[in-house]
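Working notes, structure below.
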Amino acid sequence: VQLQASGGGLVQVGGYLSLSCVASGNIFSIDYMGWYRQAPGKQRELVAEVTRGGVRRYADAVMGRSTISRDNAKSTVFLRVNILKPEDTGVYYCNARLYDGDGGDVIWGQGTQVTVSS
113 VQLQASGGGL
123 VQVGGYLSLS
133 CVASGNIFSI
143 DYMGWYRQAP
153 GKQRELVAEV
163 TRGGVRRYAD
173 AVMGRSTISR
183 DNAKSTVFLR
193 VNILKPEDTG
203 VYYCNARLYD
213 GDGGDVIWGQ
223 GTQVTVSS
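The opening residue of the sequence shown carries number 113 in my numbering; numbering runs sequentially from there.
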């Protein structure tokens with residue numbers, strides 16, 4: 113499985129970010145798809161994830177102002193975060209986790225920089 117992310121860049125405080133990530137390869141082995149981010153000097157942390165069946169989980173930091181969605185037919189996961197804050201700045205990584213029966217591997221896409229500026 114390979115992941116290709118797009119989106120990000122420089123955005124204004126109070127604005128929104130929109131990211132997408134397309135999976136290729138053995139896509140039917142993918143259970144979770146989601147997004148993590150890493151701010152300078154901090155550990156990588158979950159932003160949001162969604163299972164193939166549509167169960168969603170959000171980090172407290174983005175709860176109520178973000179939406180993760182998934183199109184299984186297109187093997188794509190989307191993330192939108194509204195009301196951006198400077199602390200939303202970081203490198204955002206697309207993530208996929210395979211079903212346990214397929215090895216349970218964790219796959220990372222390339223990071224995409226998001227900078228929230230005032």
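Just so you know, even glycine gets a beta-carbon here, dropped at the ideal spot from N, CA and C.
Residue i - containing beta strand (DSSP E), residue span
| i | result |
| --- | --- |
| LEU191 | 188-193 |
| THR201 | Segment: none, THR201 is in no beta strand (DSSP E) and carries neither H nor E. |
| ALA135 | 129-136 |
| ARG182 | 178-183 |
| SER229 | 218-229 |
| GLN155 | Taken as a continuous stretch (DSSP letters only), GLN155 belongs to no beta strand (DSSP E), as it is neither H nor E. |
Euclidean distance between Cα positions of residue i and residue j
| i | j | result |
| --- | --- | --- |
| ILE139 | ARG168 | 19 angstroms |
| GLY119 | GLY213 | 32 angstroms |
| ALA208 | TYR144 | 6 angstroms |
| TYR205 | LEU191 | 11 angstroms |
| ARG164 | ILE219 | 15 angstroms |
| PRO198 | GLY121 | 13 angstroms |
| SER178 | LEU129 | 9 angstroms |
| GLY146 | SER230 | 27 angstroms |
| GLN155 | ASP217 | 20 angstroms |
| ALA185 | GLY176 | 27 angstroms |
Beta-carbon proximity of residue i to residue j, cut-off 7 angstroms
| i | j | result |
| --- | --- | --- |
| VAL228 | VAL162 | no |
| VAL159 | GLY137 | no |
| SER132 | LEU210 | no |
| LEU115 | GLY221 | yes |
Integer-rounded CB distance, given that residue j should sit under 8 angstroms from residue i
| i | j | result |
| --- | --- | --- |
| VAL193 | VAL174 | 6 angstroms |
| SER187 | ALA135 | 4 angstroms |
| GLY202 | ALA151 | 4 angstroms |
| LEU196 | GLY153 | LEU196 to GLY153, Cβ: 20 angstroms. No contact. |
Bridge-paired residues (DSSP) for residue i
| i | result |
| --- | --- |
| VAL69 | Since the first residue of the chain shown is 113 and the last is 230, residue 69 is not available in this structure. |
Heavy atom of the ligand GTP within 6 angstroms of residue i beta-carbon
| i | result |
| --- | --- |
| SER141 | Judged by which ligands are present, the structure shown has none, so any question about the ligand GTP falls away. |
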